[in-house]
Structures are given as C-alpha cells and as structure tokens.
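Participant: Counting from 5, one number per residue, gives the positions in the sequence shown under this note's numbering.
Glycine residues also receive a C-beta, built at the ideal position from the N, C-alpha and C atoms.
Supplied in structure tokens, the structure appears directly below.
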Amino acid sequence: MATSSANIRSTERFTTLTLFSSMLIAFWIFLGYETLAVGLALLTLSLIMRFYTVAATNAVQKARVLASYEGSFSDEPLRVTFTIVNVSRVPIAFLEFLLHHSPYLRASTQTSGTTYLPPRGSVKISFVFDGRVGKHLVGPLKVVVRDPLGLYRSVELPVGNPIEVRVMPKPSEALLRRALITSKVAALSRTRRVGVGVEFYGVREYMPGDELRRISWKHYSLWGKPFVKLTEEESSLNLVFLVYLDREAFSGIYKHTPFEHVASVVASIARYSARRNDLMCLHASAGGTHIHTRLMRGRRAYQEIMNSLAEIPFNPEVQNSTQFKTLSEVLGEVYRHLPRDRSIILLLTTSSSLIKEAQQLQKLINFLSSRGHVTYVVCPLTQAYEVKGLPEWGKALYRLKTFETIRNEVMNIRKVRELGIPVMAMGPENVVQEVVSRLEALRS
C-alpha cells in the first residue's frame, strides 16, 4: 500500500533549513552565485530526504512482522520478541518504535527506542516483562520513520498484530515437599491393601505365571527360593477445582492479587494430586470468563489445569458483566459433570464473592452432601507486604488500606461461618498444606 504525502510530516529542522536556504537564494545578488548554489543544493537535499522518507515508509508498511515469546511461568521473566523483516531494497536508517501492551503487565526494559533496518534484512526487538498469571495482550508495535537528517517523519504506523501471551502459575516446591513429607510421615494415605502401586507391602512365594521383574532377589539370596514383591494399593480421589472470582480479584499488589493467590494454590494442589494419580478437573468462572476441563488423571490433568489457568484474561476492565454467572449457576453446571462416585469439590473464591451468595451456597453444599460429595470452601486471605521506595506518608496509606482490606475479609468470613458454612481462610502458604491434610484424611 503506497504512502500518501499526508502521512509525512516536516519537522522544525526542515523549517529552519528552508528559511536559511531562502535567505541564501534571496541575497545571491549581493553575496554571489556561490550562495545561490548552496541554497538550491539545500532545497534539493530536503526534497531528496522527503522522497527517501516516503520510500522508507512504504517499505515499513510492506515489512513482515513475526512475534514470539519465551517464559511460561509466573516466576520467570517474560521475553517478547518482534522480528521485522524488510522485503524491499530501501534501507531504513532511523526507525523509532513504541510497544503498546496491557497496563496490567509491568515491563522490565524500555518499551521504546530506535533501530536500523537493513535492505532485504531483518531486525529483532526484544522486550522483557515481569510475568504474571493469565492471558495478556502485547502489541501492536508502532513505528515512526525518519530521514537521516531529521527533516521529515512519518505518522505513527502500527506494524504486525498483537500477540497473546499465556503465563501459568508456578506451584510452590517448598509447599509440595512439606505436603508430601506430612502425608508420608503421618501415613494418612496408606490403604494397607495389596494392589497396584509403588510402595512396598510385603512378599509371597513365587508361583508360575508371575513376572520375573517382580522377583525380590534379596529374599531369594536369603532363603534360597524365589519370592515376589507385593505393592500397596494406591488410593485415588475425584477432585474438582472450582474457581469463582469477580472483577475485584484482579486488583491489588502486582503478582499478589487474589486471582494470582488462588491460581498458585490450585497449581500446588494439582501438582500434588497428579503425583497421587487422582482424577482431576477444573471449572473456572473469573470475571465473565468460563473455562472447564475434562476429568483426567496424573500429568495430563495437571497440564490441562495449568493451561486453563493461563487462558483467563487478566483484564478486568473489559470483562462482560452480562456473561457473569452466579455461584449457584456455576455449581449447577459442576454438578452435571460430576461422576457418580464421591467427589471432593474445592471451591476457591474471595470473601467478597462468598458473602453475596452465602445462603444459597449453604443449600447447595447440603444438597451435594446428600449425594455423597464433599465440598471445601477455600478463601486465601490477603497478605501484607513491606513496600520500599515510597515516602513515609505513602507507606502509612498502604498499611491503612491493607489492614482495612484484611479486616473486611475477616468480618465477611466470620459472617459466612455463622451461617454454618465451614471456610478454610488462611494465607496462601498455609492453605495448601491444610487442604492436602484433609484430602489425605479422606483418602485413607
């Protein structure tokens, strides 16, 4: 697509050069033909620079832009790379760029600058962000073309398309190790039955038809006859994660919003349950976005849950309130997908969402209990963090706002508990271990 002259703007430097050239041409009678030649040469140079700017702008509009990103977890830096490929023979000496991105994604590097695009060549421009959970929009990349002398500039031109980056929550390895050690030491998950598993249960004498790989050679060397190792049967649970969040869950300290706390809790519990080979699925209703996964086991279930959490858009301003479903409607959909066997439903929400539908939630929990299902309501509390780099009055306002938020959460949870709904309300670091302990108690 050709660039019209209306897309090219002259700068103040061009105005100064034009006035100087006009003065030289006007006074050539008094100063001689040399001044006339210099004035005409300057005007010719400015005309050449205009033709170059138009050609370079056309080359930018025809250029191909490839976008990619690296970094899939919230604890990793998110690197977004735009590759601009110049398919023309016109070199672009000064290409100014500016990256537009989601305001909820914090950049760790500069998002603007200047680069050179060679003819028939390419240039890579990388930006680094501090990754956070969810789906974010990065781009488009907007550029401005200038001539080498700075006499002309093009209007701001978008090149390429925006890229959607998806960031998964990072499960806490420390919490996972603590949960595994707690369940193993307390022997909460032992069935004490012979079956398929990995834990050693005992031995029996070898019988024809037994697999050779199950023979315990240690006992064979002791007793002189073959023995077969027996394993303890693994217990499995049907686990349903129900994430119900409103728009307020996306506001707060960077990387410490209620949504990110809930996502981290789900990731840690799902990672633990995947090691236990539990049957898992996720139902998420966050600010008008509804996502659910099929019941699966092990690593596949864990990966599907993580990918689904990364599909939730982190942009509360554009979420459609007409598509927002109540907690009763979401629980009704979850019930239709439950298996006939006993299922454990982990409802992860905020205190503000919980207090709005507490009475209806109590009826639904009683109904699910009558069908043999178990429901746990999990509400991670907001944590207070020390803020650096603010003046004293800013720190005081932050503490006041944080303590007020925590007080409101505690009051809402207290009201919900008075209605007879048991709520696990604690910090994200402790809620994982508490949930795992209750799951293992049901498993045994």
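Can you tell which of Tyr248, Ile295, Leu286 and Phe254 has its C-alpha closest to the C-alpha of Leu352?
Facilitator: Residue Tyr248 is the option with its Cα nearest to Leu352.
Participant: DSSP three-state call for Phe98: helix, strand or coil?
Facilitator: Note: Phe98 maps to strand in three-state DSSP.
Participant: Quick one: what's Pro152 bridged to in DSSP?
Facilitator: Looking at the DSSP assignment, Pro152 forms no beta bridge with any residue, so it has no partner.
Participant: Taking just the CA atoms, how far does Val132 sit from Glu74?
Facilitator: Rounded to the nearest angstrom, the two C-alpha atoms are 9 Å apart.
Participant: Measuring straight from C-alpha to C-alpha, what distance separates Arg68 and Arg150?
Facilitator: Going from the Cα of Arg68 to the Cα of Arg150 covers about 19 Å.
Participant: Quick one: grab the DSSP three-state call for Leu46.
Facilitator: Note: Leu46 maps to helix in three-state DSSP.
Participant: Using 8 Å for Cβ pairs, my map puts Ile309 next to Ile369. What's the rounded Cβ distance?
Facilitator: Rounded, the Cβ-Cβ distance is 23 Å, inconsistent with contact.
Participant: Can you tell me whether DSSP reads His260 as helix, strand or coil?
Facilitator: It is coil, neither helix nor strand.
Participant: Give a yes or no on whether the C-beta atoms belonging to Leu287 and Val232 are separated by under 8 Å.
Facilitator: The displayed chain sequence assigns His, not Leu, to residue 287. Going by C-beta atoms, His287 is not nearer than 8 Å to Val232.
Participant: Provide the residue span of the alpha helix (DSSP H) that contains Glu433, from first to last.
Facilitator: Glu433 -> alpha helix (DSSP H) spans Pro432 to Arg447.
Participant: What is the rounded straight-line gap between the Cα of Tyr156 and the Cα of Tyr108?
Facilitator: Roughly 35 Å between the two C-alpha positions.
Participant: Measuring straight from C-alpha to C-alpha, what distance separates Trp397 and Met430?
Facilitator: Computed Cα separation, rounded: 29 Å.
Participant: Counting pairs of Cβ atoms below 8 Å between the stretch 134-146 and the stretch 254-273, do you hit three or more?
Facilitator: Contact holds: three or more Cβ-Cβ distances are below 8 Å.
Participant: Excluding sequence positions up to five away, which residues of its chain have a Cβ less than 8 Å from the Cβ of Pro343?
Facilitator: Hits under 8 Å: Asn242, Leu283 and Leu299.
Participant: Where do the N-terminal and C-terminal ends of the alpha helix (DSSP H) with His223 fall, by residue?
Facilitator: Residues Trp221 to Trp227.
Participant: Let's see if you can read the secondary structure: which residues bound the beta strand (DSSP E) around Ile425?
Facilitator: Taken as a continuous stretch (DSSP letters only), Ile425 belongs to no beta strand (DSSP E), as it is neither H nor E.
Participant: Would you check if the stretch 76-90 and the stretch 104-124 touch, i.e. whether three or more CB-CB distances between them fall below 8 Å?
Facilitator: The stretch 104-124 is in contact with the stretch 76-90.
Participant: Please report the Cβ distance between Leu99 and Thr119, rounded to the nearest whole angstrom; I am assuming they are in contact, meaning their Cβ atoms lie under 8 Å.
Facilitator: 5 Å between Cβ atoms; contact.
Participant: How far does the beta strand (DSSP E) with Lys329 in it reach, from first residue to last?
Facilitator: That residue, Lys329, is in no beta strand (DSSP E); it is neither H nor E in DSSP.
Participant: Buried or exposed: Glu519, going by 16 or more other Cβ atoms within 10 Å of its Cβ?
Facilitator: Residue 519 is absent from the model: the chain starts at 5 and stops at 448.
Participant: Go through its chain and collect everything with a Cβ distance to Leu224's Cβ below 7 Å, but skip five positions before and after it.
Facilitator: Residue identity differs from the one stated: residue 224 is Tyr in this sequence, not Leu. Only Pro230 and Phe231 meet the Cβ criterion.
Participant: Would you please state the rounded distance, in angstroms, between the beta carbons of Ala71 and Gly117? I believe it to be under 8 Å.
Facilitator: The Cβ separation is near 17 Å, so there is no contact.
Participant: Asp256 to Thr386, Cα distance in whole Å?
Facilitator: Reading off the sequence, residue 256 comes out as Gly, not Asp. When rounded, the distance between both Cα atoms is 9 Å.
Participant: Could you check what DSSP says for Gly398 in three-state terms: helix, strand or coil?
Facilitator: DSSP places Gly398 in helix when its eight states are reduced to three.
Participant: Evaluate Tyr306 with the Cβ neighbour count: other Cβ atoms within 10 Å of its Cβ, from every protein chain shown; 16 or more gives buried, anything less gives exposed.
Facilitator: Looking at its Cβ environment, which holds 16 or more other Cβ atoms inside 10 Å, Tyr306 is buried.
Participant: Could you check which residue in Ser76, Glu16 and Asn311 has the C-alpha nearest to that of Ser50?
Facilitator: Nearest C-alpha to Ser50: Glu16.
Participant: Rounded to a whole number of angstroms, what is the C-alpha to C-alpha distance between Leu103 and Thr115?
Facilitator: Their Cα atoms are separated by approximately 5 Å.
Participant: My assumption, with CB atoms under 8 Å, is that Leu161 sits in contact with Val64. Please give the rounded CB distance.
Facilitator: Rounded, the Cβ-Cβ distance is 6 Å, consistent with contact.
Participant: I believe Ser92 touches Lys128 by the beta-carbon criterion, under 8 Å. Please report the beta-carbon distance rounded to the nearest angstrom.
Facilitator: 18 Å between Cβ atoms; not a contact.
Participant: Could you tell me the distance, in whole angstroms, from the CA atom of His105 to the CA atom of Pro166?
Facilitator: Cα to Cα, His105 sits roughly 9 Å from Pro166.
Participant: Taking the alpha-carbon positions, what's the Arg447 to Leu234 distance?
Facilitator: The alpha-carbon atoms of Arg447 and Leu234 are separated by roughly 21 Å.
Participant: Got a sec? Which residues, its chain only, sit under 7 Å from Ala190 by beta carbon, not counting five neighbours each side?
Facilitator: Low confidence applies here, because Ala190 scores a pLDDT of 43, under 50, leaving its location unreliable and the question unanswered by this model.
Participant: Looking at the structure shown, is His4 part of a helix, part of a strand, or coil, going by DSSP?
Facilitator: Any question about residue 4 goes unanswered here, given that the chain covers just 5 to 448.
Participant: Taking the Cβ atom as the reference point for each residue, do Ser332 and Asn416 lie within a distance shorter than 8 Å?
Facilitator: No, Cβ-Cβ distance for Ser332 and Asn416 is not below 8 Å.
Participant: Quick one: is Ile96 buried, meaning 16 or more other Cβ sit within 10 Å of its Cβ, or exposed?
Facilitator: Under this definition Ile96 is a buried residue.
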